[in-house]
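Residue numbers (the numbering used here): 6 to 293. Comments concern the structure below.
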Amino acid sequence: MNEAPQAADLAVRIRELATQSPLRDRDEARSTVSRLLRTLERGEARAAEKGPEGWRATEWVKEGILLAFRAGETVRFPAGEATKGAFPFFDRDTLPLHETRGVEENIRIVPGGSSVRAGVYLAPRVVIMPPAYVNIGAWIGAGSMVDSHALVGSCAQIGESVHLSAGVQIGGVLEPVGLRPVIVEDEAMIGANAGVFEGVLVGRRAVLAPGVQLTAATPLFDLVRETVYRSSPSAPLSVPEGAVVVPGTRPAPGAFAEERGLQLYAPAVVKYRDEKTDAATALEEVLH
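See the structure below:
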């Protein structure tokens, strides 16, 4: 995505304000943050973008989100209609909830305690089941579902037609600003209680079985291609396109572990989807 002229001007101003310590003009910083949130919500900028060399963090966007915390003050937000007046909220006044217009935007947010923070992009036909939380800077593509008890962390990028099942945790990566956030590409399926953290990329049409946990330190064993995927300082762990990943174990090293039959967690790619195989079918075949 090429920066529009307005976004380019906004980027310059955010970079200037981010270097000020302390902030010399808090009112201008607050106004700039407000512009950033609206720009993110319209999809005119993203916290990460895919280019010829892959996904990279958009540093000025993340700097602007951090600026929101510096420029804001903690205030009491009154309880809204969705909470039936149950309790108020307390947060930075620069970071309100997303003013979603579900009918006009063709978005469903089912009642029951979900929150979507300002600065989130929700594409048409997104469905959010309760309770769920979507943090600032996140992007959720068309037709995707965020199921109950799921978290989409700050700046995470979720593609089109993605299913985040119940209890899924998609980690946020806000600092350092140069670190890539978690990426889940189009048509991926993340099974119940799975977790994706620390800038891990889940490739297009990949499937994570329930309970799979992936971090920057997790080695991923590919039983099909007979290789091991690991992160590096310049490239977080990536799950290949179409990979079907299940939880697994491997023997822990050393005589002490061997004597006691100890095992270490070892997620494994056990097959690859083809274009005719949907995620549910691929996962069912593996688990049976």
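Glycine included, each C-beta is placed from N, C-alpha and C at the ideal position.
### Coarse secondary structure for A297, derived from DSSP in three states
This structure does not reach residue 297, given that the chain is present from 6 up to 293, and the question cannot be answered.
### Message
Considering only DSSP beta bridges, list what R97 is partnered with.
### Response
By 1-based counting over the sequence shown, the position of residue 97 is 92. Paired residues: T79.
### Message
For chain B, check one thing: does any of its Cβ atoms lie closer than 8 Å to the Cβ of A285?
### Response
Checking the listed chains, one finds no chain B in this structure; it contains a single protein chain.
#### Entry: V167 and V139 closer than 8 Å at C-beta
Stepping through the sequence shown from its first residue, residue 167 is reached at position 162. Stepping through the sequence shown from its first residue, residue 139 is reached at position 134. Going by C-beta atoms, V167 is not nearer than 8 Å to V139.
### A73 versus L42: straight-line alpha-carbon distance, rounded
The residue given as residue 73 occupies position 68 in the sequence shown. The residue given as residue 42 occupies position 37 in the sequence shown. The straight-line gap from Cα to Cα measures roughly 9 Å.
### Task
Determine the contact status of A137 and S149, defining contact as a CB-CB distance below 8 Å.
Counting from one through the sequence shown, the residue named residue 137 turns up at place 132. Counting from one through the sequence shown, the residue named residue 149 turns up at place 144. Taking 8 Å as the Cβ cut-off, A137 and S149 do not qualify as a contacting pair.
### Message
For I145, which residues in the same chain have their Cβ closer than 6 Å to its Cβ, ignoring the five residues on either side in sequence?
### Response
What you label residue 145 is simply residue 140 of the sequence shown in a count that begins at 1. Excluding residues within five positions, the ones whose Cβ falls inside 6 Å are L127, V131, I163.
### Message
Here's a check: name, in chain order, each residue in its chain whose Cβ is nearer than 8 Å to the Cβ of L169, leaving out the five neighbours to either side.
### Response
Translated into the one-based positions of the sequence shown, residue 169 becomes position 164. So the list reads S149, M150, V151, D152, A155, V157, I163, I175, V189, I195, once near-sequence residues are dropped.
### Query
In whole angstroms, what separates the C-alpha of V115 from that of T282?
Reading the sequence shown from its first residue, position 110 is the one you call residue 115. Reading the sequence shown from its first residue, position 277 is the one you call residue 282. The straight-line gap from Cα to Cα measures roughly 30 Å.
### Task
Below 7 Å CB to CB, which residues in the same chain sit around W65 once its five sequence neighbours on both sides are set aside?
Mapped onto the sequence shown, residue 65 falls at position 60. The residues are A16, I19, R20.
### Message
Can you give me the C-alpha to C-alpha distance between T99 and K276, rounded to a whole angstrom?
### Response
Here the question's residue 99 lines up with position 94 in the sequence shown. Here the question's residue 276 lines up with position 271 in the sequence shown. Rounded to the nearest angstrom, the two C-alpha atoms are 46 Å apart.
### Task
Would you be able to state if there are at least three C-beta pairs under 8 Å between the stretch 27-37 and the stretch 207-215?
no
### E231 versus L225: straight-line alpha-carbon distance, rounded
As a first step, residue 231 is located in the sequence shown; it is residue number 226 there, counting from the start. As a first step, residue 225 is located in the sequence shown; it is residue number 220 there, counting from the start. So the alpha carbons of these two residues sit roughly 11 Å apart.
### Message
Counting C-beta neighbours from all protein chains within 10 Å, is the total for T24 16 or more, i.e. buried, or is it exposed?
### Response
Here residue 24 refers to the residue found at position 19 of the sequence shown. Exposed, because fewer than 16 other Cβ atoms sit within 10 Å of the Cβ of T24.
### Query
How should P295 be labelled, buried or exposed, when 16 other C-beta atoms within 10 angstroms of its C-beta is the threshold for buried?
Outside the modelled stretch of the chain, which goes from 6 to 293, sits residue 295, for which no answer is possible.
### Task
In the DSSP assignment, find the unbroken beta strand (DSSP E) run with V131 in it and report its ends.
By one-based count along the sequence shown, residue 131 stands at place 126. Taken as a continuous stretch (DSSP letters only), V131 belongs to no beta strand (DSSP E), as it is neither H nor E.
### Task
Let me know the secondary structure DSSP gives I145 once reduced to three states.
For the purposes of this step, residue 145 is identified with residue 140 of the sequence shown, where counting begins at 1. The answer is strand: DSSP assigns I145 an E or B state.
### Task
Tell me, please, which residues DSSP counts as bridged to T254.
Within the sequence shown, numbered from 1, the residue matching residue 254 stands at position 249. Bridge partners of T254: Y270.
### Message
With distance defined between alpha-carbon atoms, name the residue in R97, E165, G142, A171 nearest to S159.
### Response
Counting from one through the sequence shown, the residue named residue 159 turns up at place 154. That would be G142, whose Cα lies nearest to the Cα of S159.
### Query
When the Cα atoms are used, what is the spatial distance from T44 to R210?
Indexing the sequence shown from 1 puts residue 44 at position 39. Indexing the sequence shown from 1 puts residue 210 at position 205. About 29 Å.
### Query
Exposed or buried, which one is P258 when buried takes at least 16 other CB atoms within 10 Å?
Counting from one through the sequence shown, the residue named residue 258 turns up at place 253. P258 should be labelled exposed.
#### Entry: Extent of the continuous alpha helix (DSSP H) to which G107 belongs
Residue 107 sits at position 102 when you count from the first residue of the sequence shown. Note, G107: alpha helix (DSSP H), 107-110.
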